[in-house]
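Just below is one structure, and these are the notes that go with it.
In UniProt numbering, the protein residues as written are 1 to 360.
Pasting the structure below:
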């Protein structure tokens, strides 16, 4: 799916929605010191009912500006890992730590608008997240000018001039999709080195893996789609999506990790992806049973093992597994021989540079 202009105006009608609606409906409960983030999602068509399923997912929170808490975290990182906040890294550190420390707002009613109609979504949960699924007749979408994306806006009180917009990709039933990891697959993170992982996450500008955006651009055509799955927390979504778009990747949807600082520690932020990725990937595969998929990951943690297992569950859908080699291994070592022993050799590949990739 090719990148579309930001905030493209889309006019369409929605029907059969399980939410209350009105022409002069209520406004979202967003205070001046609170903010909204809508996460990119993808819609799928139920051909039995001829309805599009349009996921809405967002986060309401109050930004954190506590100097004391930031300095405490900085002191822990410095004493444990020898990482220091410098003049060059201060802005990056502040921005990303502030997102993790944000005050999540629960029980907030968010209202969005499509074509002069308002739709009230379920109240936000304890982590500030709210989710809904809108059902839209296919003929309604077909009668509009919408091709690949639709946008929506939060309805705010009259005196609030801010704009909070969301984007949904409309994905056809058939085509090619890439399901891609983020850390060490398209973004340099050095996940296997805790100090460097913290350095890349909180101190340095994000750095793109060489030529990965070019690879995805070459693989994905007009009706194809890109899905990112990651163990990065939802709190870092604003910085991640900005980085990914600037790096030249196509529009995508995102499945990240739920993390609440009050319930855990920053160390648990980097817990293994073994529990989070399989359900993220399986959900995508089940939504699009007639699409073919390429799974792209890296050798740093568990991507090879996770992808091989899922390929065995969905052999008709997964046509290729690509593993970016960040550990200096080769396809003949025991790890990969055991992991892929039941998978045909032409269905997976370990690579160091995208130019090595062979697709049959």
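For every residue, glycine included, the Cβ atom is placed at its ideal position computed from N, Cα and C. These numbers were taken from a predicted model, which means no experiment stands behind them.
{"Item": "Bridge partner(s) assigned by DSSP for residue 37", "Value": "59"}
{"Item": "Inter-stretch contact at 8 Å, needing at least 3 Cβ pairs: the stretch 65-77 / the stretch 157-173", "Value": "no"}
{"Item": "Which residues DSSP lists as bridging residue 254, in chain order", "Value": "228"}
{"Item": "7 Å Cβ shell around residue 174 - same chain, five flanking residues per side excluded", "Value": "290, 291"}
{"Item": "Buried versus exposed call for residue 301 [16 or more other C-beta atoms within 10 Å across all chains shown]", "Value": "buried"}
{"Item": "Candidates 125, 113, 49, 94, of which the one nearest residue 105 by Cα", "Value": "125"}
{"Item": "Residue(s) in a DSSP beta bridge with residue 208", "Value": "187"}
{"Item": "Identity of the residues DSSP links to residue 52 by a beta bridge", "Value": "45, 136"}
{"Item": "Completely contained beta strand (DSSP E) runs for the stretch 94-166, where each covers 3 or more residues", "Value": "111-114, 117-120, 129-137, 149-154"}
{"Item": "Simplified DSSP state of residue 32, which is helix, strand or coil", "Value": "coil"}
{"Item": "Beta-carbon proximity list for residue 61, same chain, < 7 Å, skipping 5 on both sides", "Value": "34, 35, 102, 103, 104, 105, 128"}
{"Item": "Where residue 194 falls: helix, strand or coil (DSSP)", "Value": "helix"}
{"Item": "Range covered by the alpha helix (DSSP H) that runs through residue 309", "Value": "303-313"}
{"Item": "Own chain partners of residue 92 with C-beta closer than 8 Å, once the 5 adjacent residues on each side are dropped", "Value": "202, 203, 204, 205"}
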